[in-house]
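Participant:
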Amino acid sequence: MGLSVSWDKDQGAYIPLRHHYLGAPKQISVEQVLNALKPVLENDKIQKVGHNLKFDFSILFRAGIHMKNLFFDTMVAFYCLDPSRSGHDLKDLASEYLGRQLTPIEELIPQKSSRLNRSLPMDQVQIEKVSLYASAEADCTRQLIEKLDPLLKEKRCDSLFYQIEMPLIEILADMELNGIKVDTVFLKKLDDRFSLEIHALESEAYGLAGQEFNLNSSKQLAFILFEKLKLPPARKTKTGFSTDEEVLESLIALHELPRILLKHRELSKLKSTFIDGLLAEVDPGTSRVHTSFNQSGTATGRLSSTNPNLQNIPIRTEQGRMIRRAFIPEKGFVLLSADYSQIDLRVLAHLSGDPVLTEGFNRGADIHRATAAEIYHVRLDQVTDEQRKRAKAINFGIVYGQQAFGLSQSLGISMNDAQNMIESYFHKYAGVREWIEKTKQEAKLKGFVRTLLGRVRYVPEINSKNGSMRSFAERTAINTPVQGTSADIIKAAMIKIYKHLDTQSGRPQVKMLLQVHDDLLLEVPEQHLEKTATSVREDMENAIRLSVPLIADLKTGANWADMEPFKG
DNA sequence: CACTAGTGCAA
DNA sequence: TATTGCACTAGTG
Numbered sequence: 089m090g091l092s093v094s095w096d097k098d099q100g101a102y103i104p105l106r107h108h109y110l111g112a113p114k115q116i117s118v119e120q121v122l123n124a125l126k127p128v129l130e131n132d133k134i135q136k137v138g139h140n141l142k143f144d145f146s147i148l149f150r151a152g153i154h155m156k157n158l159f160f161d162t163m164v165a166f167y168c169l170d171p172s173r174s175g176h177d178l179k180d181l182a183s184e185y186l187g188r189q190l191t192p193i194e195e196l197i198p199q200k201s202s203r204l205n206r207s208l209p210m211d212q213v214q215i216e217k218v219s220l221y222a223s224a225e226a227d228c229t230r231q232l233i234e235k236l237d238p239l240l241k242e243k244r245c246d247s248l249f250y251q252i253e254m255p256l257i258e259i260l261a262d263m264e265l266n267g268i269k270v271d272t273v274f275l276k277k278l279d280d281r282f283s284l285e286i287h288a289l290e291s292e293a294y295g296l297a298g299q300e301f302n303l304n305s306s307k308q309l310a311f312i313l314f315e316k317l318k319l320p321p322a323r324k325t326k327t328g329f330s331t332d333e334e335v336l337e338s339l340i341a342l343h344e345l346p347r348i349l350l351k352h353r354e355l356s357k358l359k360s361t362f363i364d365g366l367l368a369e370v371d372p373g374t375s376r377v378h379t380s381f382n383q384s385g386t387a388t389g390r391l392s393s394t395n396p397n398l399q400n401i402p403i404r405t406e407q408g409r410m411i412r413r414a415f416i417p418e419k420g421f422v423l424l425s426a427d428y429s430q431i432d433l434r435v436l437a438h439l440s441g442d443p444v445l446t447e448g449f450n451r452g453a454d455i456h457r458a459t460a461a462e463i464y465h466v467r468l469d470q471v472t473d474e475q476r477k478r479a480k481a482i483n484f485g486i487v488y489g490q491q492a493f494g495l496s497q498s499l500g501i502s503m504n505d506a507q508n509m510i511e512s513y514f515h516k517y518a519g520v521r522e523w524i525e526k527t528k529q530e531a532k533l534k535g536f537v538r539t540l541l542g543r544v545r546y547v548p549e550i551n552s553k554n555g556s557m558r559s560f561a562e563r564t565a566i567n568t569p570v571q572g573t574s575a576d577i578i579k580a581a582m583i584k585i586y587k588h589l590d591t592q593s594g595r596p597q598v599k600m601l602l603q604v605h606d607d608l609l610l611e612v613p614e615q616h617l618e619k620t621a622t623s624v625r626e627d628m629e630n631a632i633r634l635s636v637p638l639i640a641d642l643k644t645g646a647n648w649a650d651m652e653p654f655k656g
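Take the first sequence: its letter number 333 is residue 421 in the working numbering, and every next letter is one higher.
(1) Within 10 angstroms of its Cβ, does Asn567 collect 16 or more other Cβ (buried), or is it exposed?
(2) Do Ser440 and Ile510 have their C-beta atoms within less than 9 Å of each other?
(3) When you compare only the Cα positions, how much space is there between Lys587 and Pro596?
(4) When you compare the CB positions of Ala458 and Gly448, do they come within less than 9 Å of one another, or not?
(5) For the beta strand (DSSP E) holding Tyr546, just list the boundary residues, first then last.
(6) How many Å lie between Gly555 and Ala575 at the Cα?
(7) Quick check: the region 324 to 335 against the region 273 to 282, are there 3 or more CB pairs under 8 Å?
(8) Looking at Arg376: is its Cβ nearer than 9 Å to the Cβ of Ile268?
(9) Count the other CB atoms, across all protein chains shown, that sit within 10 Å of the CB of Thr374; report buried if there are 16 or more and exposed otherwise.
(10) Excluding the five sequence neighbours on either side, which residues of its own chain have a C-beta within less than 8 Å of the C-beta of Ser502, listed in chain order?
(11) Where do the N-terminal and C-terminal ends of the beta strand (DSSP E) with Val657 fall, by residue?
(12) Pick out whichever of Leu345, Glu258, Glu285 has its Cα sitting closest to the Cα of Gly295.
(13) What number of angstroms, rounded off, separates the C-alpha of Lys579 from the C-alpha of Glu474?
(14) Given Asp590, which residues of its chain have a CB within under 8 Å of its CB, disregarding the five upstream and five downstream residues?
(15) Let me check understanding here. Comparing Cα to Cα, which of Ser356, Arg347, Val570, Ser559 lies closest to Ser689?
(16) What distance in whole Å lies between the Cβ atoms of Ala426 and Val624, which are believed to be in contact at a cut-off of 8 Å?
(17) Helix, strand or coil for Ile639, going by three-state DSSP, please let me know.
(18) Under DSSP, the alpha helix (DSSP H) around Leu608 begins and ends at which residues?
(19) Between the region 429 to 439 and the region 469 to 489, do at least 3 Cβ pairs fall closer than 8 Å?
(20) Could you give the C-beta distance for Phe282 and Leu358, rounded to a whole number, given that I count them as a contact under 8 Å?
(21) Where Asn205 and Phe311 are concerned, what is the direct C-alpha to C-alpha distance, given to the nearest angstrom?
(22) Suppose contacts are defined by Cβ-Cβ distances below 9 Å. Is Ala649 in contact with Arg409 by that definition?
(23) Since Gln592 sits in a beta bridge, which residues does DSSP pair it with?
(24) Taking the C-alpha atoms as reference points, what is the distance between Leu181 and His378?
(25) By a C-beta neighbour count over all protein chains shown, 10 Å radius and 16 as the cutoff for buried, is His515 buried or exposed?
(26) Grab the span of the beta strand (DSSP E) containing Lys269 for me, first residue to last.
(27) Out of Phe249, Pro238, Val164, point me to the one whose CA is closest to Gly542's CA.
(28) Starting from Pro653 and walking both ways along the beta strand (DSSP E), at which residues does that stretch end?
(29) On the three-state DSSP scale, how would you describe Val164?
(30) Which whole-angstrom value is the C-beta distance of Val471 and Ala646, which I expect to be below 8 Å?
(31) Using the beta-carbon count (16 or more within 10 Å), is Val370 buried or exposed?
(32) If you scan the region 517 to 552 from start to end, which runs of the beta strand (DSSP E) of 3 or more residues do you find wholly inside it?
(33) Would you identify the three-state DSSP class for Gln491, choosing helix, strand or coil?
(34) Alpha carbons only, please: which of Tyr488, Gln491, Phe493, Asp454 is nearest the one belonging to Lys477?
(35) Out of curiosity, what's the CA-to-CA distance linking Leu339 and Ile363?
(36) Can you tell me whether DSSP reads Lys235 as helix, strand or coil?
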């Protein structure tokens with residue numbers, strides 16, 4: 089993601105900002121490029137020399153602009169045409185369309201692409217190469233415009249592309265540039281604490297095993313557990329016996345070692361991935377981490393996040409929450425999180441039109457409790473915690489196409505009980521079952537499914553003779569419209585929110601930091617909290633009109649773990 | 001160094 | 001035999 093500056097030395101400069109490429113394909117003057125760049129560059133290190141623009145590319149990097157992803161916007165266009173193709177495929181596709189090979193920017197610059205934003209300054213040779221690349225990119229993009237626009241219209245993906253994905257590019261670029269502040273001192277202390285405990289657990293494990301071994305090796309661990317200690321193996325993987333969490337849990341009653349291993353697994357995961365991994369990505373100058381959002385990386389329309397992935401920061405266990413606690417606002421700011429309440433189920437209610445589910449949301453019910461009441465035939469106030477828990481598991485499972493076996497596993501109940509629960513569910517929510525059947529049929533007929541805003545996902549395997557492939561395709565055919573529509577909705581919300589942020593000298597004072605699928609994280613000046621929260625809520629709840637209300641839960645706090653509901 | 005497998009974190 | 005992701009470590013060639 090990012091902004092890119094492009095020009096052509098013969099025809100003059102055109103297309104200064106990526107998100108203008110396809111939206112407004114036209115040539116513009118060098119002066120217009122200069123003007124467009126001013127708010128970004130804040131200085132005059134860019135000159136017009138003859139018909140060329142001349143500037144030191146390192147100032148772009150100093151301004152925090154990442155040069156990545158060739159043909160970014162055309163990739164997004166290809167993505168709208170078929171999101172199941174990976175980014176690499178999209179590059180090849182672009183080459184096909186233009187009938188020649190494209191050179192990835194990574195080959196022009198000797199640093200690793202993921203470290204591009206730290207490679208400053210570039211030398212003169214590199215600048216020349218990047219300049220050449222930028223010209224070529226702009227030219228190829230212009231040629232692709234004519235080919236892609238009619239395809240988008242033909243598939244009725246043009247409004248998704250022009251109204252949602254293109255406006256989103258600038259927002260994601262902004263979020264990447266903002267980054268999020270990390271309390272590195274806190275994180276390092278945590279690192280020391282975890283290291284000590286991990287070491288102690290290792291010693292303990294060696295004692296119980298009667299020898300030293302690599303606790304991180306599932307192969308060595310399987311040998312210790314199932315051959316040396318003769319514990320009963322529960323499951324096999326392709327290469328040997330499984331030692332995953334579920335298996336270890338089942339062995340706790342038989343031996344002391346598994347409990348130690350589980351504790352060790354949790355801590356070493358937290359240390360290696362989330363503490364060490366995160367610290368390695370922090371900008372030492374600002375203490376902020378800048379993730380990359382991939383806008384064309386998922387089959388459903390969701391975003392993904394890399395280097396580091398900030399969409400999977402722990403929250404469930406207390407020690408995991410310690411990691412989240414390290415994410416803090418800048419001095420004078422607070423964090424504001426705004427997450428959609430049960431958006432997938434609301435989307436399911438809307439798509440299926442099921443009257444019971446719809447009614448539940450319309451009267452503002454606790455939907456898991458309501459589901460429990462429906463399937464257990466009890467009054468709302470008679471629902472037990474256990475019943476609510478199971479209803480919640482069903483509600484989630486339905487969206488993924490879960491069947492009796494899976495439900496029985498996740499709840500630890502018999503296949504029979506699970507089957508009965510599912511039957512009761514579909515009995516009460518008959519509209520959901522009908523929608524599932526209708527959606528599968530349509531997918532078999534057309535070979536694809538769509539989200540509410542028209543995003544397409546092809547599911548060719550749905551007519552496969554291979555039963556497990558077909559079942560998998562059926563589950564994606566059900567899951568994609570739900571997950572994908574939720575993604576459409578939050579993208580629409582981000583665009584509304586961003587548009588309403590007050591700006592000062594071109595940049596919003598309120599900073600959008602992260603999107604985690606149904607959750608937005610913003611950094612807000614303390615004195616603007618009230619009005620920002622109000623407008624964020626407004627924009628999220630009115631992002632798209634469904635047959636059920638959309639509800640956003642707002643929370644604020646001085647770190648990402650300890651947040652209090654926003655009153656108002 | 002590139003790749004796979006196993007594992008586990010999130011929505 | 002529940003979807004969508006990314007990344008870590010071990011192990012292989």
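Built from N, CA and C at the ideal position, the CB exists for glycine as well.
Facilitator: Taking the geometry as given:
(1) buried
(2) no
(3) 10 Å
(4) Taking 9 Å as the cut-off, the Cβ atoms of Ala458 and Gly448 count as close.
(5) That run of the beta strand (DSSP E) goes 544 to 546.
(6) Taking C-alpha positions only, Gly555 is separated from Ala575 by approximately 29 Å.
(7) no
(8) yes
(9) exposed
(10) Ser496
(11) For residue 657 there is no data in the structure shown, the boundaries of the chain being 89 and 656.
(12) Leu345
(13) Take the alpha-carbon of Lys579 and the one of Glu474: they are about 35 Å apart.
(14) If we look at Asp590 and ignore the five residues flanking it on each side, its Cβ neighbours are Pro596, Gln597, Val598, His616.
(15) As displayed, the chain neither begins before 89 nor continues past 656, which places residue 689 out of reach and without an answer.
(16) 5 Å
(17) In the three-state reduction of the DSSP assignment, Ile639 falls in the coil class.
(18) No alpha helix (DSSP H) holds Leu608; the beta strand (DSSP E) holding it covers 607 to 613.
(19) yes
(20) With 8 Å as the limit, Phe282 and Leu358 qualify as a contact, their Cβ atoms being about 6 Å apart.
(21) Because the pLDDT of Asn205 is 37, which lies under 50, any placement of that residue in the model is unreliable, and the number read from its coordinates should be weighed accordingly. Cα to Cα, the separation comes out at about 44 Å.
(22) yes
(23) Gln592 is bridged to Arg595.
(24) Taking the straight line from one Cα to the other gives about 29 Å.
(25) exposed
(26) Counting along the chain, the beta strand (DSSP E) containing Lys269 begins and ends at 268 to 270.
(27) Phe249
(28) 651 to 653
(29) helix
(30) Going by Cβ atoms, the distance from Val471 to Ala646 rounds to 36 Å, so no, they are not a contact pair.
(31) buried
(32) 536 to 538, 544 to 546
(33) Gln491: coil per DSSP, three-state reduction.
(34) Proximity to Lys477 across Tyr488, Gln491, Phe493, Asp454 peaks at Asp454, based on C-alpha coordinates.
(35) Looking at the two C-alpha atoms, the distance is approximately 29 Å.
(36) helix
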